[in-house]
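Counting from 2, one number per residue, gives the positions in the first sequence under my numbering.
Glycine included, each C-beta is placed from N, C-alpha and C at the ideal position.
In this text, all values refer to a predicted model and were calculated from it rather than measured experimentally.
Worksheet for the structure shown next.
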Amino acid sequence: MPSKCHLVIANPPYTRAGGPGDEKNTVWNPIFGSLLDKRDAEKMKNALRKALDGTAASLYAGLGSAFVVLADEALDIGGRLAFVLPATMLTGSRWAPIRRLLLSKYSVEWVVVSHDLRNRSAKKGLPGRRLVSFSESTRIAEVLIVATRRQHRDRKTSRACFVNLLRNPDEPIEALGLTRKFLALRDGLAPLEPAAIDIGEATWGNAVLVPQADLPLDGGPWSLATFVQPGLALIAKRIALGKHGGLGSVPVAELGAFTDLGPYHMQVRNPKYGLFTVRERPAATGPAEWSLRAGIPALWHHKAGRNTSLAASPDALLERRADRSRSDQDRMLAKSGCLHLAADLGMAPQRVAAVMTDNPMIGVRSWTSVLPRNPAPGKNEALCLWLNSTLGLLLRVIHGNRPYLGRSALPHELARTMPVLDVDRLSNGQLMAAATVYADLKHRELQGFSALVADPVRGEINERLCREVLDIDPEIVAEITRKLALEPTLHARH
DNA sequence: GACACCCATCCTCATGAGCT
DNA sequence: AGCTCATGAGGATGGGTGTC
Numbered sequence: 002m003p004s005k006c007h008l009v010i011a012n013p014p015y016t017r018a019g020g021p022g023d024e025k026n027t028v029w030n031p032i033f034g035s036l037l038d039k040r041d042a043e044k045m046k047n048a049l050r051k052a053l054d055g056t057a058a059s060l061y062a063g064l065g066s067a068f069v070v071l072a073d074e075a076l077d078i079g080g081r082l083a084f085v086l087p088a089t090m091l092t093g094s095r096w097a098p099i100r101r102l103l104l105s106k107y108s109v110e111w112v113v114v115s116h117d118l119r120n121r122s123a124k125k126g127l128p129g130r131r132l133v134s135f136s137e138s139t140r141i142a143e144v145l146i147v148a149t150r151r152q153h154r155d156r157k158t159s160r161a162c163f164v165n166l167l168r169n170p171d172e173p174i175e176a177l178g179l180t181r182k183f184l185a186l187r188d189g190l191a192p193l194e195p196a197a198i199d200i201g202e203a204t205w206g207n208a209v210l211v212p213q214a215d216l217p218l219d220g221g222p223w224s225l226a227t228f229v230q231p232g233l234a235l236i237a238k239r240i241a242l243g244k245h246g247g248l249g250s251v252p253v254a255e256l257g258a259f260t261d262l263g264p265y266h267m268q269v270r271n272p273k274y275g276l277f278t279v280r281e282r283p284a285a286t287g288p289a290e291w292s293l294r295a296g297i298p299a300l301w302h303h304k305a306g307r308n309t310s311l312a313a314s315p316d317a318l319l320e321r322r323a324d325r326s327r328s329d330q331d332r333m334l335a336k337s338g339c340l341h342l343a344a345d346l347g348m349a350p351q352r353v354a355a356v357m358t359d360n361p362m363i364g365v366r367s368w369t370s371v372l373p374r375n376p377a378p379g380k381n382e383a384l385c386l387w388l389n390s391t392l393g394l395l396l397r398v399i400h401g402n403r404p405y406l407g408r409s410a411l412p413h414e415l416a417r418t419m420p421v422l423d424v425d426r427l428s429n430g431q432l433m434a435a436a437t438v439y440a441d442l443k444h445r446e447l448q449g450f451s452a453l454v455a456d457p458v459r460g461e462i463n464e465r466l467c468r469e470v471l472d473i474d475p476e477i478v479a480e481i482t483r484k485l486a487l488e489p490t491l492h493a494r495h
C-alpha cells in the first residue's frame, strides 16, 4: 500500500474471524478462507491480528474495519476515503473505535444509507433480491462513507451530510445525477434542518447536515442514518434526553442502569461450553402436555405465528448437562426473569419486541431476559408495555443494529445502553396502573409492527400507556406513530 | 476463564410449470 | 391426477473466537 495517498476507494470484504456458525447450515466463509491450506489461513489470521493490535480495527467487526485502518495509514492530510461498509458500522459496539477514528482524524462528509424496499428483478439472474444494498450479491444493509483527513483546526467546523435514500439508483447515469444533486444541495443546507432530495417530480429521500461536533465522540451510534425521515431521529434523541415537548415528564435511562441482563445463549446451550441441553416443544405437542414433561422451562425461539401477544409461555426445556458443574448451572438459573427482550426483531412479521412469562425463566437465544435490580410489582409490566409501544420501538430501532432492512438487532452491549422508560422513577400508582394495563392486554393478539397505525391492540398499548401510566398527551405519541409507520424499515420483508 | 460480537444468508414452504 | 423440480417469498439463528 503506497503512503501519502490522496484517495482510497474501497468496497472491502466483510468477512470476519468468527462465524457465521452452524457449519451444517451455512457455508463458512472465514477470513483467508480461500487459502487451500488451513494452516496458511491460520498464519495469515494471526499475522493480521498482530498487525491490527492497537488499531481501531477488529477482526470481530470484520475485514471492513481492517481496510479502513489500512486506508487511514495510507492517507495523507487532505486525502479522502470512500468506503462501502456494513450498516452495523453505524451502531455496532465493535465498530465504535472506527467511528471514533473517523470523528477524531477526519471530516466525515457523507453518510449515505439506502432504505430501498424494492426487490431486484428475478430476470436479471443476479444473486440477492433486495435493492437496499449498494453492493451486488448481498442483501445486507450497507452504508457509504466519504471522509477527508484533516488537520485538527479544520475538523472543528466540519459538518457531516447524512443522506437517507428511499430508492437506490438503478444504473450509473442515475447515480451520477443523484451525486450532482447531493453536491448542489449540500451548500444550501442549514444544520439539523432536513431537506428533501428531489429530482424533477421524483423524491429520492432526505438529507440532513450535522455539525461533526454533534456526533458522539465516545463511539456512540450515528442515529441520523436510521430513518428516511431525519426528523424522527431528532425526535428520538430529544425523548432520550427528556427534552421532547410534552414528553418531558417521561423518565428515561439506559436499560443497564437499573436492570441486569440474563445469560448469553452461548453459555446456555453451546455444545462445547454450554451448561444445558435444550429441547424445543414439538409443534404437535400442546403447551399443557408439554408442561408435564420434566425439565426447566425456557424461552428459546421467536416465531411470528406463535408469539402473538405480550404473554409468552415456554417453548423449550433445559436439561442439566451431567458434565457441567451444578453450582454453575444454579448460578445461571438465578438469572431467570419474567421479562424478555426480543434480541433480533423482524419488524414486519414479528409482533412483540418484549414478552412476559408467568414464571421466571431464561431466554435462550431470541430472547434476552431483563432483570430489574430492585424488583417491584409493575416494573416488568411497565417495561413490557413501553418496549412494545411506539416510543419504545422508536428508541430501540434508533439504538440497535440494522443488519438488514426491516430488522433491529440488540446484542447485550447495545441492550444495556439502550434508552428506555426508567421504571425506577415511576410512582407506585404508575406501576400499579401499568400492571393493570398489562393484565388487560396480555392475551390480546397483536399485528406486526408494519401495522403500527392500524393495529387496534398496539393503539391501546400506546393510548393506555400515555393516559394511565405516563400521564402524557396520547396525541403526541399518535403523531410519532404516524411518522414511524411510514418508515420502510418497518415494512421490509425478505 | 468469562463474555458476547457479528455474520456479502440459509432454510422452509407455497406455487406452478412441465412431464407422464 | 400426481409427481418432480425450479422458483420465489418470507421468516429467522448458531457459534467460532476476539477481547477483556
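Following the continuous beta strand (DSSP E) through residue i, name the residue where it begins and the one where it ends.
i, result
"Tyr107", "107 to 115"
"Phe277", "277 to 281"
"Ser328", "Where Ser328 is concerned, there is no enclosing beta strand (DSSP E), although the alpha helix (DSSP H) it sits in stretches over 327 to 334."
"Asp359", "355 to 364"
"Phe163", "160 to 166"
"His7", "6 to 11"
"Asp199", "196 to 200"
Return the bridge partner residues of residue i from the DSSP annotation.
i, result
"Met267", "Bridge partners of Met267: none, in fact."
"Ser409", "Leu346"
"Val421", "Ala254"
"Leu415", "For Leu415, which the question treats as bridged, DSSP gives no partner whatsoever."
"Glu320", "Thr278"
"Asn169", "The partner list for Asn169 (beta bridge, DSSP) is empty, contrary to what the question assumes."
"Gly338", "Met362"
"Pro298", "Leu318"
"Leu262", "Val371"
"Asn402", "Ala410"
"Ala479", "The partner list for Ala479 (beta bridge, DSSP) is empty, contrary to what the question assumes."
"Leu453", "DSSP, once it has assigned bridges, lists no residue as partnering Leu453."
"Leu76", "Cys6"
Restricting to Cα atoms, I'd like to know which of the options is closest to residue i.
i, options, result
"Thr204", "Val164, Arg465, Arg17, Asp359", "Val164"
"Ala305", "Leu340, Arg321, Cys385, Val356", "Val356"
"Ser105", "Ala435, Gly220, Val85", "Gly220"
"Ala340", "Met333, Leu346, Thr369", "Ala is not the amino acid found at residue 340; the sequence shown has Leu there. Of the candidates Met333, Leu346, Thr369, the one whose C-alpha sits nearest the C-alpha of Leu340 is Thr369."
"Leu318", "Glu281, Leu293, Lys336, Arg352", "Glu281"
"Asn429", "Gly449, Ala383, Ala299", "Ala383"
"Pro298", "Gly364, Pro489, Tyr405, Pro231", "Gly364"
"Val114", "Val69, Cys162, Lys157, Gly65", "Cys162"
"His153", "Gly79, Arg294, Phe450", "Gly79"
"Glu454", "His444, Asp472, Ile481", "The residue you asked about is not Glu; residue 454 is Val in the sequence shown. The option with the nearest alpha carbon to Val454 is Ile481."
"Gly201", "Gly178, Tyr439, Ser314, Pro212", "Gly178"
"Pro192", "Asp54, Asp171, Leu225", "Leu225"
"Arg468", "Leu242, Ala196, Val251, Thr309", "Val251"
"Ser59", "Asp215, Trp96, Gly243", "Trp96"
"Gln351", "Leu311, Glu194, Asn360", "Leu311"
"Pro288", "Ser314, Asn207, Glu175", "Ser314"
"Asp77", "His7, Leu293, Gly379, Asp329", "His7"
"Val353", "Arg417, Asp188, Ser451", "Ser451"
"Glu290", "Asp215, Arg325, Leu442, Asp316", "Asp316"
"Val1", "Met267, Asp155, Gly407, Gly232", "Residue 1 lies beyond the residue range present for the chain, which begins at 2 and ends at 495; the question has no answer from this structure."
Put residue i into one of helix, strand or coil per three-state DSSP.
i, result
"Lys25", "Unreliable positioning characterises Lys25 in this predicted model, as indicated by a pLDDT of 39, which lies under 50. A coordinate reading is not provided."
"Lys124", "Residue confidence for Lys124 is low, a pLDDT of 37 falling below 50, so the modelled location carries little weight and cannot support an answer."
"Gly129", "Residue confidence for Gly129 is low, a pLDDT of 45 falling below 50, so the modelled location carries little weight; the figure read from the coordinates is stated next. Gly129: coil per DSSP, three-state reduction."
"Phe84", "strand"
"Leu384", "helix"
"Ser136", "coil"
"Ala435", "helix"
"Leu192", "The question names Leu, but residue 192 is Pro in the sequence shown. Strand, per DSSP."
"Ala313", "strand"
Does at least one heavy atom of the ligand FMN sit under 7 Å from the Cβ of residue i?
i, result
"Val164", "The model on display carries no ligand, and the ligand FMN is accordingly not part of it."
Just reading off the alpha helix (DSSP H) that residue i is part of, what are its end residues?
i, result
"Gly206", "Segment 203 to 212 is the beta strand (DSSP E) holding Gly206; no alpha helix (DSSP H) there."
"Arg150", "Counting along the chain, Arg150 falls outside any alpha helix (DSSP H), though it belongs to the beta strand (DSSP E) covering 143 to 150."
"Trp291", "288 to 291"
"Ala237", "231 to 241"
"Pro457", "457 to 465"
"His153", "153 to 156"
Exercise. Determine contact between the region 139 to 153 and the region 101 to 120, defined as no fewer than three beta-carbon pairs at a distance below 8 Å.
Key: Short answer: they touch.
Quiz item: Looking at C-beta atoms only, is the number of pairs between the region 454 to 462 and the region 384 to 404 that lie closer than 8 Å three or more?
Solution: yes
Quiz prompt | Contact between the region 370 to 377 and the region 271 to 280 (3+ Cβ pairs under 8 Å) | solution = no
Self-check item: Stretch pair the region 86 to 100 + the region 397 to 409: three plus CB contacts closer than 8 Å
Solution: yes
Exercise. Determine contact between the region 328 to 338 and the region 422 to 436, defined as no fewer than three beta-carbon pairs at a distance below 8 Å.
Key: no
Quiz item: Between the region 56 to 73 and the region 177 to 184, are three or more C-beta pairs nearer than 8 Å?
Solution: Cβ pair count under 8 Å is below three, so no.
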